[in-house]
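**Student:** Counting in UniProt numbering, the sequence shown runs from 1 upward without gaps. The beta-carbon is built from N, C-alpha and C at its ideal position, and this holds for glycine as well.
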Amino acid sequence: MLIQPNKQWHWVFDTDKGVMTLELGENMLFVSKLCKKRCVQHAQEDSPFTTEHTQLYYQFLEQLEPFNWSDPIKVQICLNAVASAQFLKPLMPQSWFFNTSACIQQEPLQVGELAVLQTESGQARCVIVEVSEQSYTLMAIEGGLKLDERKSLSQFEAIKVMQDRVIPLSMLLHNPNGLAQTG
Numbered sequence: 001m002l003i004q005p006n007k008q009w010h011w012v013f014d015t016d017k018g019v020m021t022l023e024l025g026e027n028m029l030f031v032s033k034l035c036k037k038r039c040v041q042h043a044q045e046d047s048p049f050t051t052e053h054t055q056l057y058y059q060f061l062e063q064l065e066p067f068n069w070s071d072p073i074k075v076q077i078c079l080n081a082v083a084s085a086q087f088l089k090p091l092m093p094q095s096w097f098f099n100t101s102a103c104i105q106q107e108p109l110q111v112g113e114l115a116v117l118q119t120e121s122g123q124a125r126c127v128i129v130e131v132s133e134q135s136y137t138l139m140a141i142e143g144g145l146k147l148d149e150r151k152s153l154s155q156f157e158a159i160k161v162m163q164d165r166v167i168p169l170s171m172l173l174h175n176p177n178g179l180a181q182t183g
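Below is the structure:
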């Protein structure tokens, strides 16, 4: 069963763990993967889960509908994506890790849309959490994508790339239960 946002939801920065959390009600706490060094300064102040956050939550959730993931996994993806969309520090693009997309995008992708980032060693599905004129900030839905000998993209980690590195998931032939497959 999917949990529904309500007026009791409240963002709290956990200084002991150094991560953003969301109080979901009595004895329920969501711990995001967004750590202190990646958060904007105002993230350390308690704040409500706003109408804007609720809209983002449902926007992300709608994109995950076609996948046969459990409801708790979908909620975890959505809440981590909302945390990144609202509290992530601006990032510098790291496009050099990724292959240039052969897909020609007619329109820029929007926040909440799913996309694929591809390296020489693999690919991972991501969700777009921020759009700028020339780049996207994406949050990895899947982890373990090797970027180089020393660095991997972890699950729920955000990365900024130029738009020409992003493959819209809708443009790929895919199996909803597996990684996207380029045709």
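Quick one: residues in its chain with C-beta nearer than 6 Å to the C-beta of residue 83, no 5 flanking neighbours on either side, listed in chain order?
**Tutor:** 20, 32, 34
**Student:** Take the Cβ of residue 169 as the centre, count every other Cβ of all protein chains shown within 10 Å, and call the residue buried at 16 or more, exposed below.
**Tutor:** buried
**Student:** Applying the criterion that 16 or more other CB atoms from any shown protein chain within 10 Å of the CB defines a buried residue, is residue 100 buried or exposed?
**Tutor:** So residue 100 counts as exposed.
**Student:** Compare the Cα-Cα distances from residue 157 to each of 129, 47, 133, 167 and report the closest residue.
**Tutor:** 129
**Student:** So, with DSSP's three-state summary, where would you put residue 13?
**Tutor:** strand
**Student:** With which residues is residue 118 paired in a DSSP beta bridge?
**Tutor:** Looking at the DSSP assignment, residue 118 forms a beta bridge with 123.
**Student:** Flag this pair as yes or no: are the beta carbons of residue 63 and residue 107 separated by less than 9 Å?
**Tutor:** No, they are not a contact pair.
**Student:** So the candidates are 116, 135, 132, 162; which of them puts its Cα closest to the Cα of residue 143?
**Tutor:** With distances taken between Cα atoms, residue 143 lies closest to 116.
**Student:** Determine the DSSP secondary structure at residue 72, reduced to helix, strand or coil.
**Tutor:** In this structure, residue 72 counts as helix in the three-state DSSP scheme.
**Student:** Does the stretch 37 to 46 come within contact of the stretch 79 to 98, defined as at least 3 CB pairs closer than 8 Å?
**Tutor:** yes
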